[in-house]
Each structure stands twice: as C-alpha cells, then as structure tokens.
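Residue numbers (our numbering), protein chains in the order written: chain L, 630 to 948; chain Y, 4 to 307; chain S, 359 to 683.
Cβ coordinates follow ideal geometry from the N, Cα and C atoms, glycine included.
In what follows, a single structure is set out as structure tokens and then discussed.
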Amino acid sequence: MYKYILKRILMAIPVLIGATFLVFTIMYFAPGDPAEIILGSNATHEALEALRIKLGVNDPFIVQYGRFFFNLLRGDLGISYRNSMPVTSLIADRLCNTVYLAVSGILFAVIVGIPVGVISAIKQYSLLDDIIMFATLFVTAVPTFWLALILVIVFSVNLGWFPASGMGRGASDFFVSLILPMLTLGCGYAALIARTARASVLDVKRQDYIDTARAKGLSENVVIWRHMMQNALIPIVTVIGLNFGVLLGGSVLTESIFSWPGVGRFVVESITYKDTPAVLGSIVVLAILFTLVNLLVDLIYAVLDPRIKSQYQSAWKKG
Amino acid sequence: MINMFSRKIGKERLNRVRSPLEQAASQFKKNKMAVIGLVIIIVLFAVAFFTIIIDFVTNDYIYNNYVINQNLVLRLAPPSASHIFGCDEFGRDLFMRILWGTKYSLFIGIGAILLAMFIGMPIGMVAGYYGGRTDNVIMRLMDVILAVPSMLLAMAIIAALGTSTVNLLIAMSVANIARFSRIARASVMTVKDNEFIEAARAIGANDMEILVKYIFPNAFSPNLVQFTLGIGNSILLVAGLSYLGLGVQPPSPEWGAILTTAKTYMRDAWHISVFPGMFLVISVVAFNMLGDGLRDAMDPKLKK
Amino acid sequence: MSNILDIKELSVAYHTEDGTVYALNNIDLELEDGETLGLVGETGAGKTTLAKSIMRLLPVPPAKIEYGDIIFSGENITDMDDEEIRAIRGNKISMIFQDPMSALNPVLTVGEQIKEAILAHNNISEDEAWSKSLEMLETVGITKNRARDYPHQFSGGMKQRVVIAMALACNPQILLADEPTTALDVTIQAQVLAMMRGLKEKFNTATILITHDLGIVAQMCEKVAIIYAGEIVEVGNVHDIFKNTAHPYTKGLLEAIPSIYADCKRLKPIDGLMPDPTIRHEGCAFSERCIYCDDICIHNQPPAVQSVGTDHKVRCWKPLCSTLS
Chain L
630 MYKYILKRIL MAIPVLIGAT FLVFTIMYFA PGDPAEIILG SNATHEALEA
680 LRIKLGVNDP FIVQYGRFFF NLLRGDLGIS YRNSMPVTSL IADRLCNTVY
730 LAVSGILFAV IVGIPVGVIS AIKQYSLLDD IIMFATLFVT AVPTFWLALI
780 LVIVFSVNLG WFPASGMGRG ASDFFVSLIL PMLTLGCGYA ALIARTARAS
830 VLDVKRQDYI DTARAKGLSE NVVIWRHMMQ NALIPIVTVI GLNFGVLLGG
880 SVLTESIFSW PGVGRFVVES ITYKDTPAVL GSIVVLAILF TLVNLLVDLI
930 YAVLDPRIKS QYQSAWKKG
Chain Y
4 MINMFSRKIG KERLNRVRSP LEQAASQFKK NKMAVIGLVI IIVLFAVAFF
54 TIIIDFVTND YIYNNYVINQ NLVLRLAPPS ASHIFGCDEF GRDLFMRILW
104 GTKYSLFIGI GAILLAMFIG MPIGMVAGYY GGRTDNVIMR LMDVILAVPS
154 MLLAMAIIAA LGTSTVNLLI AMSVANIARF SRIARASVMT VKDNEFIEAA
204 RAIGANDMEI LVKYIFPNAF SPNLVQFTLG IGNSILLVAG LSYLGLGVQP
254 PSPEWGAILT TAKTYMRDAW HISVFPGMFL VISVVAFNML GDGLRDAMDP
304 KLKK
Chain S
359 MSNILDIKEL SVAYHTEDGT VYALNNIDLE LEDGETLGLV GETGAGKTTL
409 AKSIMRLLPV PPAKIEYGDI IFSGENITDM DDEEIRAIRG NKISMIFQDP
459 MSALNPVLTV GEQIKEAILA HNNISEDEAW SKSLEMLETV GITKNRARDY
509 PHQFSGGMKQ RVVIAMALAC NPQILLADEP TTALDVTIQA QVLAMMRGLK
559 EKFNTATILI THDLGIVAQM CEKVAIIYAG EIVEVGNVHD IFKNTAHPYT
609 KGLLEAIPSI YADCKRLKPI DGLMPDPTIR HEGCAFSERC IYCDDICIHN
659 QPPAVQSVGT DHKVRCWKPL CSTLS
C-alpha cells in the first residue's frame with residue numbers, strides 16, 4: 630500500500646516540475662518591462678537598466694527558469710511588481726480562503742450529488758429519474774459567474790439574506806458569506822457528481838455479484854449499501870478528483886464576483902496589473918494544490934479497491 | 004433475455020440489412036431531447052449567420068447604429084415593448100446585442116474545440132500506435148499540460164500573448180488537445196493489437212495506411228462524443244474569459260462580455276444579468292443534449 | 359420419494375418497450391429429493407429464466423409470472439412476499455451463476471462473503487459464522503488461510519469453488535446451478551464437476567444442473583429435461599434420453615455432437631434458428647426446423663405431456679420412440 634503511494638508521488642513530481650516549466654515559459658512571453666512597471670515610465674534609463682540587471686530579466690531564459698525553480702524549492706516565489714511584496718506571503722494570506730471555499734464546495738457537491746445520483750439510479754425509469762436527469766443536464770450548462778449573479782440578485786439584493794461580497798468579520802459572518810459562493814461553486818460540481826453516481830450505480834447494479842447477493846437472501850438494503858455502494862464509489866471518487874481542476878477554475882470566477890479574498894481573485898487582479906511574478910506564483914501554487922488533491926484521490930481509491938492495494942503487496946497468490 | 008433479443012434481431016437481419024449508420028440514426032430520432040437540442044442549435048446557427056450576412060450586406064450599418072451605438076437617454080431601461088430585453092448601461096438595446104453576440108459563442112466555442120481535436124487526435128493516435136518511448140514522452144507532455152487547471156492555463160496564455168481572437172483560440176485549445184490525445188490513444192491501443200491490423204500488415208499496408216484506413220475510424224467515435232460534449236464547456240470557457248476581460252473585448256457583444264458590468268448594475272438592472280446568461284444556458288444545454296443523444300445512439304449498451 | 363419441487367404450467371413473459379417476450383410457456387417440471395436433474399437447451403431457450411423464476415430473482419417490471427405455480431416442499435412459493443422468499447433464498451434454495459469471474463463482489467474477502475450468507479439465515483455469532491465459513495472453504499478444497507483474500511486473487515476454478523461453498527453454506531435442499539462450468543477450461547471443469555459430485559453425495563442436495571453440454575449431463579445427472587423456445591419438449595431419465603430419444607430436437611442435439619469415432623466429413627447441426635420469442639406461435643415451436651414436420655405440427659400445439667415410457671414424457675405429435683407397449 631505504501632509502495633503504491635510512494636510510486637504515485639514519484640510519478641507526480643516530474644509532472645509538477647514540467648508544469649512549473651510550462652507556466653514559466655508561457656509567462657516569459659508576457660509583455661511589459663518589469664523595471665518600468667515598478668519604477669514607472671518616468672524613471673531614468675540608467676535606473677531602469679540597473680533594476681533590470683538586479684531583477685535578472687536580461688539573463689538567458691534557462692538561467693531565469695533555473696533561478697525561479699530553485700527559489701521555488703525554497704518557498705520563494707519572487708517579488709510582486711505591483712507592490713514589491715514577496716509573492717509567497719501574498720499568496721499565503723489568500724490560500725486558506727480559497728481552500729475553505731473549495732472544500733465547502735466539494736462537501737456540498739458530494740453531500741447533495743451522491744445521494745441524488747444513487748436515488749436516480751435505484752429508481753431508474755421512474756419520473757423522478759427523468760426529472761433528475763434533466764435537472765442535472767440543465768445545471769451543468771449554467772455558467773458559474775452567471776449563477777453567482779442570479780444568486781446574488783435573488784438572495785442578496787431582493788431577499789437580503791446573504792451578503793453580496795466579502796468575508797465579513799468574525800466566524801458567524803464568515804459562514805454566512807460562505808453560503809452563496811459555496812452554492813455557486815458547488816452546484817455544477819454536484820450535478821456532475823450526481824450524473825456520475827447514477828451511471829456508476831447503474832453499471833454496478835447489473836453486475837453478476839449483485840444477483841449473487843440477492844440469491845443469498847440478503848435484504849435489499851444490505852445489497853444496496855454493502856454490495857453496490859462501495860463498488861460504485863470507485864469511479865465517483867475518480868471523477869471528483871479529475872474535476873477538481875475545473876473547480877479551481879470556477880473559483881477564479883466565483884471569487885471575483887463575490888470579492889472573496891482568495892488566490893483565484895488574486896490571479897485575475899495580477900493579470901490586470903501585469904504583475905507577472907504574482908500570476909506565475911499563483912498558478913504554480915494552484916497546480917501544486919491540484920496535484921495534491923489528485924494524490925489524495927489516488928490514496929482513497931487504493932483504500933476502496935482491494936485490487937489496487939494488492940498489486941503492490943507481496944507475491945500474487947495463484948489459486 | 005438478451006439472447007432472446009439477439010434472436011429477434013437475427014430474424015430482422017435476415018429480412019433486411021441495416022447499416023450501423025441507419026441504426027444509429029433511427030435510435031437518434033427516438034431520442035426526443037437530442038432532436039430538440041439539434042433544433043435549437045440550428046436556430047442558433049441561423050441567427051449567427053443572419054447577423055454576419057446583415058453586417059456584410061449593410062456594411063456594418065446595423066451593427067454600428069444598433070448594437071454598439073450608445074444612447075444615454077435609454078440607459079438601463081428595463082424590458083419594454085420597444086426593447087424587449089431592455090437596455091444596458093450605455094443605452095444599447097440588449098436584444099440586438101445578444102443576437103449579435105451569438106456568433107462569438109458559437110464559432111469561437113466550436114472552433115477552439117475543433118482545433119483541439121485536429122491537433123490532439125493525431126498526437127494521440129501516434130502515441131498509441133507506436134507505443135514505447137514515443138508514447139511515454141507524448142503522454143508525459145500531456146500530463147504536464149493537464150496538471151495545470153485549464154482555466155488558469157488559458158488565462159496565463161492570454162496574459163502572455165494578448166487578447167486577440169487567435170490567441171483566445173490557442174489558449175482555449177491547449178488543455179483540450181491533451182484530453183483528445185488521451186482518448187484517441189486509448190482507443191488506438193484497444194484496436195492496435197486486433198488481428199485485422201496484423202492482417203493488413205501482412206498484405207503490405209504501411210504504417211500511414213494502417214493509421215488512416217483502419218485505426219482512425221475506430222478512434223473516431225469516442226472522440227466525436229467528447230467533441231460534442233466539449234462544445235458546451237468551450238462556450239462556457241469563452242464566456243468566462245470574456246467576463247474577466249480576457250476574451251472577446253468590448254464593445255463586441257459576446258454574451259460573457261455583456262455580463263462583465265452586469266454586477267455593478269444588478270440592483271437597478273436585473274435584465275442585463277438575466278438574459279445573456281439564459282442564452283448561454285440554452286446553447287450549452289442544446290449541445291449537451293445533442294452530445295448525449297449521439298453517445299446513446301452509438302453505444303447500444305446504454306439503451307433502455 | 360417425494361417431489362421437493364413441483365412446477366406446474368409456469369408461464370413467464372417480459373414486457374418491454376420493444377415488445378413482449380414470451381420467455382417460458384407452460385413449463386411442467388418435477389424434481390425429487392436428492393435428485394440431479396439436467397436442464398438442457400440452446401442459448402436463449404429460457405433455462406436461466408426458469409432458474410431465476412424459481413428463486414424469484416427476475417427483475418419484476420419487465421418480467422412477470424403470468425401463470426402457473428411453483429411448489430417447493432409442499433408450499434406454493436409463487437406468490438410469497440419479499441420477506442418470505444428471502445428466507446428461502448440462499449437457505450433452502452441456492453443458485454450459482456455462470457460466470458465465476460463476475461459472481462463475487464470484488465471489494466469483500468471470500469471468507470466475508472460466505473460468512474454473510476450464513477449470517478443471513480442463522481442466528482449465530484459472527485465468530486461462529488466465520489469458522490463455519492472456513493469449514494465450507496475446506497470442503498470445496500480451498501485452504502482456510504485464504505479466507506481473507508479477495509476474489510481477484512483466485513483463478514477461475516477456485517472462484518467457482520468459492521461460489522459453490524457460498525451456495526451450500528446453509529445446506530439448502532435445492533441447488534440451481536446455471537452452467538457452472540461453461541466459463542472454465544476443460545481440465546478445471548472436470549475438477550469442479552468431480553467436487554460437485556462429491557458434495558452431492560455428502561449433502562444430498564437436489565440439483566438442477568443447467569447446461570448445454572450433453573457430456574456433462576451424461577456424467578452428472580439422473581434425469582434430464584430438454585427445453586426449447588420456452589417449453590419443456592422432453593423429460594426422462596438419462597438412459598432413456600440418450601438411448602430412447604423421443605423428440606426430434608433431442609435427437610438433433612445428440613447427432614450434432616462431433617464424434618471421434620465417426621468417419622464423416624461435416625458436422626450435423628440443426629438448421630435454422632429458434633423462433634421469435636415475441637410471437638406466440640400457433641403450432642409446435644420446433645416445427646420450422648423439424649425434419650419430420652407435418653401439417654398437424656404446424657397448426658396445433660402438441661399435447662403437453664405425452665408419456666412414452668416410465669417417467670419419460672415428450673411434447674410431440676410424432677415421437678420418435680416409445681417404450682410403451
């Protein structure tokens with residue numbers, strides 16, 4: 630089991646390194662002279678040149694990447710062009726907020742999505758199944774930012790139940806202001822999970838071992854919960870992990886609309902201000918987060934499916 | 004039970020041979036939702052072409068005077084008889100803007116994913132077919148691309164290259180290229196070791212011929228399904244990027260772009276928020292219904 | 359000896375969007391205590407449907423028992439409610455399925471799955487059930503220390519042994535075995551069949567052995583029933599079926615078996631296909647393919663059970679052989 634996790638981590642590392650290289654290369658082409666952005670266009674030519682040398686932007690590409698990478702390993706993501714603060718601390722301040730939002734979105738999606746999908750599959754062909762299928766089709770088509778707008782218009786502006794933006798002060802404010810963003814982020818995800826859950830349960834339902842379980846005289850409840858669910862969860866968990874990246878993308882839009890102080894909103898702001906180190910640092914951090922979540926999914930997957938566990942255990946026992 | 008049906012179908016086959024295409028088409032017709040989706044998509048295309056033709060014929064007269072023309076008297080006017088969707092913060096008729104915005108979502112949305120498919124499929128087919136080192140290298144590259152959440156990747160590319168339509172298309176396709184290549188590779192690998200490939204080699208077909216004549220048709224259908232289902236996401240991505248100011252630039256009335264300022268005025272002008280979004284939802288739902296219908300028609304295991 | 363299972367005029371249909379499939383038409387079947395009955399037929403003849411009907415495992419919309427009675431041990435179980443039938447499943451009547459590769463839940467250990475079957479019908483402690491489960495494994499030739507292994511760690515033949523252990527764990531009176539060795543290769547098949555014979559002697563379980571392989575029937579069964587297009591066309595003891603074959607279909611099946619000794623150039627299949635199950639046919643179901651077919655066969659249903667010997671019945675207007683004087 631540990632071998633499996635170790636192997637997965639070892640495989641993820643080169644991919645992550647490649648990802649940092651990819652993003653760095655892309656941002657390398659970003660327009661704008663860092664020295665000018667920091668000092669302003671009125672600065673003298675000498676001052677600009679001096680700053681350029683100090684920042685290292687005249688160095689060859691590979692040197693710049695090398696510098697970036699080694700600093701990354703030490704936790705240093707560079708200095709923001711916008712306010713000359715270390716990017717690492719700027720992101721650190723905001724990362725928790727993004728994580729809170731993402732986690733609450735996932736929790737909502739899982740708590741709502743899985744039961745809905747399972748019920749839909751158990752009651753296949755019924756009216757309820759058709760309604761759920763149509764509803765999920767619809768919900769996955771709704772743009773995140775539009776859903777946010779509508780929710781805000783209905784619940785904030787007209788009903789005044791929830792704040793339209795920000796995080797407020799204190800714990801209770803925090804939770805209240807979390808609701809609308811959580812719903813925005815979680816609804817599409819919930820619909821996707823519901824569809825996957827339904828397909829997965831339907832697939833498991835027609836497996837022979839379900840017939841065997843019934844033939845043993847087990848009650849329908851036991852058949853569903855003990856035999857169907859654990860098997861059905863496997864593909865669901867995979868989908869949750871794979872789509873976490875979409876969730877992160879969605880959080881960019883959600884945070885922007887709700888002025889939620891997270892990394893997503895930070896990326897948008899930084900792009901607007903051409904703050905390349907900040908953009909680079911944020912995207913790299915989010916990519917690392919995504920990879921970690923996928924590793925977690927792999928771990929859960931191994932726990933659920935004994936076929937994976939034993940691949941890495943001692944000798945295959947041949948019968 | 005399945006055996007009894009195969010017996011029944013066997014009897015039918017003895018009477019009349021139907022090609023797989025015919026079977027798929029009849030299955031498709033039975034799926035009403037897919038047909039509704041198709042109708043909506045046709046209407047959308049009609050609107051898009053309509054607006055393009057009008058612009059061409061009138062030399063942008065209508066565009067200049069009705070779509071981007073500012074008329075501050077009508078600022079934020081609510082829906083009424085003369086302006087069925089109301090007006091935006093510059094007094095521009097929202098209905099006209101939405102109509103003229105159709106072509107962006109449709110063509111950029113479809114274009115981006117088409118581009119991704121044309122580049123991604125061959126890459127995946129090559130990786131799957133040749134296997135070994137080539138496969139490893141290509142797939143690692145695709146993994147690297149997919150390690151970055153696709154929205155962020157697109158944003159980074161636009162930040163770096165600027166906000167033109169071409170850059171938008173490039174930015175949007177990169178992640179999808181990786182996805183299509185994976186799917187193509189998977190289907191190639193299932194077909195590759197089949198005996199009819201060996202047979203083809205035995206009669207002297209070279210690699211290129213094998214790839215094109217035998218492997219491609221098999222790799223195509225899962226990609227086709229991914230294609231139609233991906234158009235919906237593509238449309239949402241364009242809208243999202245435009246909303247953030249990174250996609251289609253104002254004053255072009257792309258639906259997401261219209262929504263950019265909607266938040267500021269949401270207290271007084273709910274109509275700016277509601278209508279463009281509705282069109283986005285309808286378009287994406289239509290493509291998803293079409294995609295589901297296609298997938299069900301091609302995969303007999305999913306039939307009721 | 360008394361009949362432990364009595365099926366009378368059983369008719370089952372599937373009602374689907376694409377039409378109604380008449381899967382079983384007027385099935386009459388008797389099974390004596392401790393007897394092994396072979397149920398032989400082509401794919402699609404209705405063998406599995408029949409077995410599942412006995413256990414009430416058919417999916418109830420679309421399937422429906424249109425008519426008929428299933429009498430088990432003197433009790434009519436056709437209309438029993440869910441709770442009652444569950445008490446019988448796995449306990450008094452067990453079923454094993456065709457494909458061992460997919461018959462076991464991949465995420466539970468084999469010991470656990472057997473224990474589950476035991477606990478479902480016996481009010482004993484978990485530990486007792488676990489040790490009983492280990493005993494069952496040993497009975498089918500699997501060492502006890504493999505109880506905590508998962509199904510994928512076993513080969514096909516071993517998996518089928520586990521399935522059999524599970525089915526026999528509660529010492530049922532009837533075992534329904536649906537093509538238990540079809541998915542296994544021949545050497546393993548022989549092993550499993552030998553084991554089943556041993557178990558049958560030990561537990562004296564009445565068995566309905568569903569198969570399309572007449573060789574297995576010859577080895578394992580005392581009585582044989584031939585099923586075609588949802589009907590039992592011939593039933594009798596194994597000697598009569600092979601030596602005094604009465605129904606043309608049975609004859610066709612026997613002749614279709616390739617023989618090492620015969621000096622012939624071509625196999626002798628039975629021409630044609632089984633009739634469309636969505637159409638209720640007028641006359642005999644086999645008439646289209648029968649070489650002895652006559653007018654009466656095409657237009658009239660042959661009488662359900664016509665005796666042609668001791669305990670030998672056939673459904674045919676023109677039985678090929680009769681040992682009645």
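Less than 6 Å between C-beta atoms, sequence neighbours within five positions excluded: which residues of the same chain meet that for residue i?
i: MET811/L; result: SER733, GLY734, PHE737
i: TYR729/L; result: none
i: GLY874/L; result: PHE919
i: ALA552/S; result: none
i: LYS410/S; result: LEU416
i: CYS642/S; result: CYS655, PRO660
i: ILE160/Y; result: ALA174
Tell me, please, whether the CB atom of residue i is closer than 8 Å to any CB atom in chain L?
i: THR264/Y; result: no
i: LEU172/Y; result: no
i: ILE12/Y; result: Below a pLDDT of 50, predicted positions are generally treated as unreliable, and ILE12/Y, at 43, falls in that range; no measurement from the model is reported.
i: ARG19/Y; result: Residue placement at ARG19/Y is poorly supported in this model, since its pLDDT is 41, which falls under 50; the coordinates are not used for a value here.
i: PRO538/S; result: no
Just to confirm my understanding: we take residue i, look at its own chain, exclude 5 residues before and 5 after, and list those with CB closer than 8 Å. What are they?
i: VAL241/Y; result: TYR107, SER108, ILE111, GLY112, ALA115, LEU171, MET175, GLY250, VAL251, GLU257, GLY259
i: ALA823/L; result: VAL741, GLY742, ILE743, VAL745, GLY746, SER749, ILE761, THR765
i: ASP567/S; result: This sequence places Leu at residue 567/S; Asp is not what is there. THR394, LEU395, GLY396, LEU397, ALA535, PRO538, ILE574, VAL575, MET578, CYS579, listed in sequence order.
i: ASP934/L; result: ILE863
i: ASP138/Y; result: ALA130, GLY131, ARG188
i: GLN664/S; result: LYS671, VAL672, ARG673, CYS674, PRO677
One question on the structure: do residue i and residue j come within less than 8 Å of each other, judged by their Cβ atoms?
i: ILE200/Y; j: TYR217/Y; result: yes
i: LEU915/L; j: ALA641/L; result: no
i: TYR633/L; j: ILE937/L; result: yes
i: ASP96/Y; j: TYR66/Y; result: no
i: LEU466/S; j: VAL520/S; result: no
i: ILE362/S; j: ALA583/S; result: no
i: LEU297/Y; j: SER276/Y; result: no
i: GLU646/S; j: LYS626/S; result: no
i: ASN74/Y; j: GLY104/Y; result: no
i: ALA381/S; j: GLY399/S; result: no
i: ILE186/Y; j: PRO152/Y; result: no
i: GLN518/S; j: LEU557/S; result: no
i: ILE148/Y; j: ALA202/Y; result: no
i: ASN712/L; j: GLY891/L; result: no
Among residues of its own chain, excluding the 5 on either side of residue i, which ones have a beta-carbon nearer than 7 Å to its beta-carbon?
i: LYS502/S; result: LEU492, LEU495, GLU496
i: THR603/S; result: LYS609, LEU612, LEU678, CYS679
i: ARG506/S; result: THR467, GLY469
Determine, for residue i, whether the minimum Cβ-Cβ distance to residues of chain Y falls below 8 Å.
i: SER885/L; result: yes
i: LEU924/L; result: no
i: THR841/L; result: no
Measure from the C-beta of residue i to each C-beta in chain S and report whether the shortest distance is under 8 Å.
i: SER993/L; result: Here chain L has residues from 630 to 948 only, and residue 993/L is not among them.
i: LYS844/L; result: In the sequence on display, residue 844/L carries Ala and not Lys. Yes, contact with chain S.
| Where the region 418-446 of chain S meets chain L: residues whose CB sits under 9 Å from a CB there | PRO419, ASP440, GLU441, ILE443, ARG444, ALA445, ILE446
| message | Taking beta-carbon pairs under 8 Å, can you tell me which members of the region 674-696 of chain L lie near chain Y? | response | none
| Meets three-Cβ-pair contact criterion under 8 Å: the region 486-502 of chain S and the region 416-426 of chain S | no
| query | Taking a cut of 9 Å between CB atoms, which residues from the region 771-784 of chain L lie near chain Y? | reply | VAL771, PRO772, THR773, PHE774, TRP775, LEU776, ALA777, LEU778, ILE779, VAL781, ILE782
| query | Any chance the region 827-847 of chain L sits against the region 891-907 of chain L, with 3 or more Cβ pairs inside 8 Å? | reply | no
| message | Would you call the region 385-393 of chain S in contact with the region 274-290 of chain Y, where contact means no fewer than 3 C-beta pairs closer than 8 Å? | response | no
| Okay, do the region 640-660 of chain L and the region 694-704 of chain L touch, 3+ Cβ pairs below 8 Å being the bar? | yes
| field | Proximal residues, the region 810-834 of chain L versus chain Y, C-beta separation under 7 Å | value | none
| query | For the region 744-762 of chain L, which residues have a CB atom closer than 8 Å to at least one CB atom of chain S, in sequence order? | reply | TYR754
| Closer than 9 Å, Cβ to any Cβ of chain L: which residues of the region 462-495 of chain S, in chain order? | LEU462, ASN463, PRO464, VAL465, LEU466, THR467, GLN471, GLU474, ALA475, ALA478, HIS479
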